[in-house]
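A short worksheet on the structure shown next.
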Amino acid sequence: MIRYSNAASGRHFLQIPGPTNVPDRILRAIDHPTIDHRGPEFGVLGRKVLAGIKPIFGTECDVVIYPASGTGAWEAALVNTLSSGDRVLMFETGHFATLWRELAERLGLKVDFVAGDWRRGVDAGLVEARLKEDRGHAIKAVMVVHNETSTAVTTRVDAVRRAIDAAGHPALLMVDTISSLASIEYRHDEWGVDVTVAGSQKGLMLPPGLSFNAISAKALAAHKQAGLPRSYWDWGPMLAANKNGYFPYTPATNLLYGLHEAIEMLMEEGLANVFARHDRHAEATRSAVRAWGLELLCVNPAEYSSALTAVLMPAGHDADAFRKQTLEAYDLSLGAGLSKVAGKVFRIGHLGSFNDLMLLGTLGGVEMGLSLAGVPHAKGGVQAAMEVLTGPKPGGAVKDAPARSVA
Ligand SMILES: Cc1ncc(COP(=O)(O)O)c(C=O)c1O
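Counting in the numbering used here, the sequence shown runs from 1 upward without gaps.
In structure tokens form, the structure reads like this:
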């Protein structure tokens, strides 16, 4: 019997919410001989990427680049600014906020962790209330995840900034933009963020392996007083070497070639267009989910993520069994539900190097996969997405299903 397999031919659909598809231009840029990282040619590259990355963060401050995954940049933000026993305020928006909390606790910080239901972002009103209660200013930092990759829920960082200001509190503001940078609008300077943490493998369209800290003047002042042990992550030697385009240790030279190309691509498209593209693909995806009669994990439309969509499986159906079918039948990788929502949720990544037809292929794979896996749904999700992609959506406001408790 002849067996037809999608996995044997054509391109894999990597539609997890990062690492994302690496465009050919970036692959070609990385594919060059590695050069002397202390030679003059490297200095030119280093200066270009260190300057070129700033507008992507919306900053004129220094941005440091580590040869590390995002977790390294999380740790760097903390060890450079805080001391053992310092209190910090965090919110349980999902899996990644929880991991950052655990990392902070392992470093000896005391975390005030506000419980959440994994379906909404940080409540700015609560930030203000908690900080107002802290009259002695024991809380040294507020740490939030801009785009919770485990839930597809964003936090409005500008509102958190306003809340800190309204409380008249001096805490540092640290923001994880690992899955939002270069996908969802972000303004480090304008929103008064002190440390922005980012990674290479999502909106920046690079392979995993680089991560970033954008550093405000206030964070640099905190760095002088901070007592947590630091060595590899220390901003001091990094910033000193970066002045001439160099690094205090061996940089990820070939990924920096790729970063240079990624910055060129983002600037050619224009950041406003990049954000609008992500917004549009997200809206089309949500229309498909509604047409299927499935439920979004995010309950607040003002907090919908433009980088990915998290979909709740109908009760009695396993999201991982469904994802296994889409992989085997269509060579389509979708994101798994993580920790508290494992098996209950699947995630569709629509960030990075992505276009309308890639989205329709992805949604086609999801719709066919739902049939294969016997998940009850209505047809017409791809059609609904096409309607969004081909013009303004007819009809008025859309209504999501009532929310249930998941975490
Ligand atoms: C929001 C967020 N924060 C942190 C991380 C951890 O980054 P990494 O896995 O690159 O160490 C991720 C990874 O996906 C993430 O999505």
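C-beta: ideal position from N, C-alpha, C; glycine also.
Small disclaimer: the values here were computed from a predicted structure and weren't measured.
Distance from the Cα of Phe-13 is smallest, within the candidate group Val-366, Val-382, Leu-372 and Pro-376, for Val-366. Counted as a single uninterrupted DSSP element, the alpha helix (DSSP H) harbouring Val-274 occupies residues 271-292. Fewer than three Cβ pairs drawn from the stretch 52-59 and the stretch 103-113 lie within less than 8 angstroms of each other, which leaves the two stretches out of contact. Comparing alpha carbon positions, the residue from Ala-141, Leu-351, Val-388 and Ser-83 closest to Ala-152 is Leu-351. Using a cutoff of 7 angstroms, the CB of Gly-116 does not count as near ligand 1, since none of the ligand's heavy atoms is closer than that. In the three-state reduction of the DSSP assignment, Met-313 falls in the coil class, being assigned neither a helical nor a strand state. For Asn-242, the enclosing alpha helix (DSSP H) has its first and last residue at 235-242.
Its chain contains Ser-333, Gly-335 and Gly-349 as the residues whose beta carbon lies nearer than 6 angstroms to that of Ile-16, once the 5 sequence neighbours on both sides are disregarded; these appear in chain order. When DSSP states are grouped into helix, strand and coil, Asn-213 belongs to the strand group. Pairing Leu-338 with Ser-150, the inter-Cα distance amounts to about 6 angstroms.
When the beta-carbon positions are compared, Ser-84 and Gly-227 come within less than 8 angstroms of each other.
Under the three-pair Cβ rule at 8 angstroms, the stretch 34-47 counts as touching the stretch 238-257. The Cβ-Cβ distance between Leu-363 and Gln-325 does not fall below 8 angstroms. DSSP places Ile-65 in no alpha helix (DSSP H) but in the uninterrupted beta strand (DSSP E) bounded by 62-66.
Taking C-alpha positions only, Tyr-330 is separated from Ala-7 by approximately 7 angstroms. Sorting Gly-236, Gly-380, Gly-369 and Ala-68 by C-alpha distance to the C-alpha of His-223 places Gly-236 at the top. Scanning the stretch 155-216 from its first residue to its last, the whole beta strand (DSSP E) runs of 3-plus residues come out as 172-176, 195-199 and 211-215. Contact check for Leu-266 and His-377: beta-carbon distance about 36 angstroms, past the 8 angstroms limit, so the pair fails to qualify. A distance below 8 angstroms separates the beta carbons of Ala-310 and Val-345. One Cα belongs to Thr-154, the other to Gly-380, and the distance between them is close to 27 angstroms. CA-CA distance, Met-358 to Glu-92, rounds to 33 angstroms. In chain order, Ser-333 place their CB closer than 7 angstroms to the CB of Leu-327, counting only its own chain and leaving out the 5 sequence neighbours on each side. Rounded to whole angstroms, Arg-130 and Thr-81 show a C-alpha spacing of 21 angstroms. Between Asn-213 and Ala-97, the beta carbon gap of about 18 angstroms keeps them out of contact (Cβ cut-off 8 angstroms). For secondary structure counted as the alpha helix (DSSP H) over 4 or more consecutive residues, the stretch 348-373 holds these complete runs in sequence order: 356-372. Around Leu-107, the same chain offers Leu-78, Val-79 and Leu-228 as residues with beta carbons nearer than 7 angstroms, after the five sequence neighbours per side are excluded. The three-state secondary structure of Gly-335, taken from DSSP, is strand. Placement of the Cβ of Thr-149 at a distance of less than 7 angstroms from at least one heavy atom of ligand 1 is found. The C-beta separation of Gly-94 from Glu-148 comes to about 4 angstroms, placing the pair in contact by the 8 angstroms criterion. Per DSSP, the beta-bridge partners of Glu-295 are Leu-312. Per DSSP, Arg-323 has no beta bridge partner at all. A residue is called buried when at least 16 other Cβ atoms come within 10 angstroms of its Cβ; Pro-251 meets this threshold and is buried. For the 8 angstroms CB-CB criterion, Gln-225 and Pro-19 do not form a contact. Short of 8 angstroms from the beta carbon of Pro-23, and not among the five residues preceding or following it, lie these beta carbons of its own chain, in chain order: Met-205, Met-265 and Ser-353.
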